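Let me begin by presenting the structure, written as structure tokens, before commenting on it.
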Amino acid sequence: SVASPTSSLSDSCSSAGESGWSGWSEVRDRISEQIGHSDRADIAARVRKAPWQTRLETARLLMRDVPASRIGSPWEALADFEVSSGGFWRKRSVQSGFEEWSSLRYADGRADAPTLFLSHAWDAPADWEDVLGSGCSYYQFKAAAICWVAKDIAAKHLGSATSWSDVRFWLDKCCIPQHDPEALALHIMLIEEFLQLCDGLVVAFTWTYFRRLWCVFEWACFLVFHDPVDVVLSAEMAYRASTEDRFLDAILGFSIDACECRDPGDRVVLSDKIAEYYASDAAFERFLKFTAIALISRSVAPRSIRSGVSIQKWASAAAACGFSELSAAIATADFKGWWASALQRRHGLSSLDLQVVARTS
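At position 64 of the sequence shown the residue is numbered 60 (the working numbering), and the sequence of numbers has no breaks.
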């Protein structure tokens, strides 16, 4: 187990405020003292070399999260959200200060709501509009996906999907100080620990998600510490009959070497970390394909009952990868029976909660 933070360091982090970063200088000093170095220079490098307990404790003290209602929106309110959020999901938003939307995860008095790590690519697939049309906004896709997932989580953990705004996310744009190079370096270095501390991983899933090495790294690290059942793939807008083969190709053709990474230095660090956890690229690639096929099948299952997508294609994909037991499990799963069971339990549920029950049964 990890020792709880010392009161002095906890107090210092709290002094940064529920939504501000003004206390960073004092927090930095306290972290330097904790790791046994009075010299504040290159604090990220010093924390990197610290024991894992110290790294995790430091991440716990720095970890922030943002309410779902700040970064997500119901489908019918997306146009208003685009304006009120200052174009948040666009790579270059029209406003700044999004860090002020987040608050300390472990601050006193915080409600015990789940915190989910949001894994996504900022850039849309290059062929997004060609495939889905110019009227299907990638930015709105992510806002709607967050709202939908938050409703699922709220129904399961908070008693009702209507409490979706109480679900919270770790998201780099809100939870990492973007304008202080020292703080930025430390928070990026601790992403692995933030993944460990989160209750789940939410993936804004497109057919190019696994081309981004940072996304692959987040997937790999999260599954070192958590069960795959804690991963939620959100692809309601992106996954349809016309894109299904793109998703299949992305999984069947996945390789570490083909992943994209803008910074060569990042590629070395991320690749080394994956190798550390999974022994070899080949072992990890097999693991990723297995978990991805299983989780995509779970995500697609409810839609396969009432749309043109086919769950059987994923059974075939599993067989092609040599996962015979997984293939058989997908091929013989009684999705229609689960749907019928959800309908039988509909008494006393709102139509929104019923959708959630059907999706999570």
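Note that the Cβ used here is the ideal one computed from N, Cα and C, for glycine as well.
Being a predicted model, the structure only gives us computed values, none of them experimental.
Smallest Cα separation from residue i: which of the options?
| i | options | result |
| --- | --- | --- |
| G244 | V62, G68, I172 and A313 | Sequence check: residue 244 is Leu here, not Gly. Closest by alpha carbon: A313. |
| R282 | E256, S293 and F319 | F319 |
| L167 | T239, A64 and S80 | A64 |
| A150 | A275, R26, D259 and D108 | D108 |
| D148 | Q192, V228 and E214 | V228 |
| D76 | G249, E95 and Q136 | Q136 |
Quick check on residue i: buried or exposed, where buried means 16 or more other Cβ atoms within 10 Å of its Cβ?
| i | result |
| --- | --- |
| G155 | exposed |
| H116 | buried |
| E53 | buried |
| S337 | exposed |
| S417 | Here the chain comprises residues numbered -3 to 357, so residue 417 is not present and cannot be evaluated. |
| R208 | buried |
| H175 | exposed |
| G82 | exposed |
| S251 | exposed |
| Q49 | exposed |
| A237 | exposed |
| S328 | Correcting the residue type first, residue 328 is Thr in the shown sequence and not Ser. With fewer than 16 other Cβ atoms within 10 Å, it is exposed. |
| D119 | exposed |
| R258 | exposed |
| E272 | exposed |
| G68 | buried |
For residue i, does the three-state DSSP call read helix, strand or coil?
| i | result |
| --- | --- |
| F374 | Given a span of -3 to 357 for the chain in the structure shown, any question on residue 374 remains unanswerable. |
| E256 | strand |
| W118 | coil |
| A290 | helix |
| V353 | Low local confidence applies: a pLDDT of 47 at V353 is under 50, so the model's placement there is unreliable, and no value is given. |
| G196 | strand |
| W97 | helix |
| P63 | strand |
| V227 | strand |
| A319 | First, the residue type needs correcting, since residue 319 is Phe and not Ala in the sequence shown. Residue state, collapsed to three classes: coil. |
| F221 | helix |
| S295 | helix |
| F250 | coil |
| F77 | helix |
| R86 | coil |
| W203 | coil |
| R51 | helix |
| R164 | strand |
| R56 | helix |
| R242 | helix |
| R208 | strand |
Rounded to whole angstroms, what is the Cα-Cα separation between residue i and residue j?
| i | j | result |
| --- | --- | --- |
| A290 | R24 | 42 Å |
| A146 | V43 | 33 Å |
| V264 | V127 | 33 Å |
| S295 | D162 | 23 Å |
| R101 | A316 | 43 Å |
| E178 | I184 | 10 Å |
| A46 | I31 | 7 Å |
| G261 | R86 | 26 Å |
| A254 | F286 | 18 Å |
| Q351 | A216 | For Q351, the pLDDT reaches just 47, beneath the cut-off of 50, and the residue's location in the model is therefore unreliable, leaving the point undetermined. |
| L74 | C211 | 25 Å |
Rounded to the nearest angstrom, how far is the Cβ of residue i from that of residue j, given a contact under 8 Å?
| i | j | result |
| --- | --- | --- |
| L112 | C194 | 6 Å |
| A231 | F201 | 4 Å |
| D226 | L197 | 6 Å |
| E189 | R51 | 6 Å |
Could you check if residue i belongs to the surroundings of the ligand COA, using beta carbon to heavy atom distance under 7 Å?
| i | result |
| --- | --- |
| P47 | Among the components of this structure there are no ligands whatsoever, and the ligand COA is therefore not found. |
Answer yes or no: does any C-beta atom of chain B fall closer than 8 Å to that of residue i?
| i | result |
| --- | --- |
| P224 | Although the question refers to chain B, the structure presented lacks it and comprises just one protein chain. |
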